[in-house]
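Trainee: The structure's right below; bear with me while I get my questions together.
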Amino acid sequence: MIEEIHIDVLVDDIPSVEDLLPLHGLSIYIVTRDDKGVFKRILFDTGPDSKILFKNAETLGVQLKPDLIFGSMPHWHHIGALDKFREAVHVIPSPPLAHASKRGLTHLPGVEGAYVLHGDTHWNEQGLALMTRKGWVVFLGCSVHGLRRTFGSSLLRLGRIWGLIGGLNISTRDNVNLSFLRKLKGKGLQLVMPLHSVSMDARKIILDGINMIDFGYEVSGCGVQSDFSFYK
Numbered sequence: 029m030i031e032e033i034h035i036d037v038l039v040d041d042i043p044s045v046e047d048l049l050p051l052h053g054l055s056i057y058i059v060t061r062d063d064k065g066v067f068k069r070i071l072f073d074t075g076p077d078s079k080i081l082f083k084n085a086e087t088l089g090v091q092l093k094p095d096l097i098f099g100s101m102p103h104w105h106h107i108g109a110l111d112k113f114r115e116a117v118h119v120i121p122s123p124p125l126a127h128a129s130k131r132g133l134t135h136l137p138g139v140e141g142a143y144v145l146h147g148d149t150h151w152n153e154q155g156l157a158l159m160t161r162k163g164w165v166v167f168l169g170c171s172v173h174g175l176r177r178t179f180g181s182s183l184l185r186l187g188r189i190w191g192l193i194g195g196l197n198i199s200t201r202d203n204v205n206l207s208f209l210r211k212l213k214g215k216g217l218q219l220v221m222p223l224h225s226v227s228m229d230a231r232k233i234i235l236d237g238i239n240m241i242d243f244g245y246e247v248s249g250c251g252v253q254s255d256f257s258f259y260k
């Protein structure tokens, strides 16, 4: 069970603070603390360019020393800097499958309370699901076929989702996926932090009308640094 989550958004298409370099892609540095006091450092995607990744990390005062690299999908703008982390464990999905897989949820080795959330389509995209006392906190990279089509069934099978962070693939007129987010909110979703693959205007719609947690930034994007606690 995860009790604390710290995140640093190191790569994203849109900056949340000055002096950071935006880039088409995604990278989130996640530090977890479980109920036994064990800390784990996960780099969720690397973005396409290691120079931008390391520069933004330096600007934010982040020392990148991940125990594990979690790749959401085998595409350059998500794992383009993978070769700079040879010593870390890599959890990367295989190339697109011939048919959609219905594997659902599998435990992430070596990280208590962490699971791989397998997508619903043949594209073989995967998310990171962290179990907390308040519900699941799920990190997604791109939702390449749209949030509901890519992860809808898998998300609904989880039960209560407290937080959803990352690439949701939503635009301002995407009523299907905005409605799906509202459906999740009705089932207990509190935090929605839209990043890569979500337009600026759609981010504002989500933050103003669906997200319930103030994480300290007017717009979610590169430079967000937030802490979340899940104690009894």
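The sequence shown begins at 29 in this note's numbering and counts up one residue at a time.
We put the beta carbon where it would ideally sit given N, CA and C, even for glycine.
How many angstroms separate the CA atom of P102 from the CA atom of G249?
Mentor: Answer to the nearest angstrom: the Cα atoms are 22 angstroms apart.
Trainee: L81 and L92: beta carbons closer than 9 angstroms?
Mentor: Contact: yes.
Trainee: Name the residue from D36, I107, H34, G141 whose alpha carbon lies nearest to the alpha carbon of K64.
Mentor: It is G141.
Trainee: Go ahead and pull the three-state DSSP assignment for F256.
Mentor: In the structure shown, F256 sits in a strand (DSSP, three-state: E or B).
Trainee: State the Cα-Cα distance for the pair V165 and N203, rounded to the nearest angstrom.
Mentor: The straight-line gap from Cα to Cα measures roughly 23 angstroms.
Trainee: By the three-class DSSP mapping on this structure, what secondary structure does M159 have?
Mentor: The answer is strand: DSSP assigns M159 an E or B state.
Trainee: Could you please give me the residues that DSSP links to K79 through a beta bridge?
Mentor: According to DSSP, which records beta bridges pairwise, K79 is partnered with nothing at all.
Trainee: Kindly indicate which three-state DSSP category L96 falls into: helix, strand or coil?
Mentor: Three-state DSSP puts L96 in a strand.
Trainee: For R204, which of helix, strand or coil comes out of DSSP?
Mentor: In the sequence as displayed, the identity of residue 204 is Val instead of Arg. In this structure, V204 counts as helix in the three-state DSSP scheme.
Trainee: Report the rounded CA-to-CA distance for Y245 versus S44, giving the unit in angstroms.
Mentor: Roughly 7 angstroms separates the two Cα atoms.
Trainee: When burial is assigned at 16 or more other CB atoms within 10 Å of the CB, is M29 buried or exposed?
Mentor: Looking at its Cβ environment, which holds fewer than 16 other Cβ atoms inside 10 Å, M29 is exposed.
Trainee: Smallest Cα separation from G194: which of S254, E46, V37?
Mentor: Comparing Cα-Cα distances from G194 to each of S254, E46, V37, the minimum goes to V37.
Trainee: Among the residues of its own chain, which have a CB less than 6 angstroms from the CB of I107, if the five just before and after it don't count?
Mentor: Excluding residues within five positions, the ones whose Cβ falls inside 6 angstroms are T74, G99.
Trainee: Are there any heavy atoms of the ligand ATP lying less than 8 angstroms away from the beta-carbon of L217, as far as the coordinates show?
Mentor: The ligand ATP is absent from the structure shown, which contains no ligands of any kind.
Trainee: Rounded to the nearest angstrom, what separates V59 and E32 at their Cα positions?
Mentor: The alpha-carbon atoms of V59 and E32 are separated by roughly 8 angstroms.
Trainee: Below 8 angstroms on the Cβ atoms is my guess for W190 versus T160; work out the distance and round it to an integer in Å.
Mentor: Right, their Cβ atoms sit about 6 angstroms apart.
Trainee: From what residue to what residue does the alpha helix (DSSP H) around S55 run?
Mentor: Taken as a continuous stretch (DSSP letters only), S55 belongs to no alpha helix (DSSP H), being part of the beta strand (DSSP E) at 55-62.
Trainee: Under 9 angstroms, do G216 and G163 count as touching if we go by C-beta distance?
Mentor: A contact, by the Cβ cut-off of 9 angstroms.
Trainee: Please list the segments of the alpha helix (DSSP H) lying wholly inside the region 171-253, counting only runs of 4 or more residues, in order along the chain.
Mentor: If we require 4 residues or more, the alpha helix (DSSP H) runs fully inside the region 171-253 come out as 175-186, 203-214, 228-237.
Trainee: Does the separation of the CB atoms of L235 and S182 fall below 9 angstroms?
Mentor: For L235 and S182, no; Cβs fall outside 9 angstroms.
Trainee: Relative to the alpha-carbon of I70, which residue among F258, D242, N239, A157 has its alpha-carbon at the smallest distance?
Mentor: Residue A157 is the option with its Cα nearest to I70.
Trainee: Using a threshold of 9 angstroms, state whether the C-beta atoms of H224 and L54 are closer than that.
Mentor: Contact flag set, yes.
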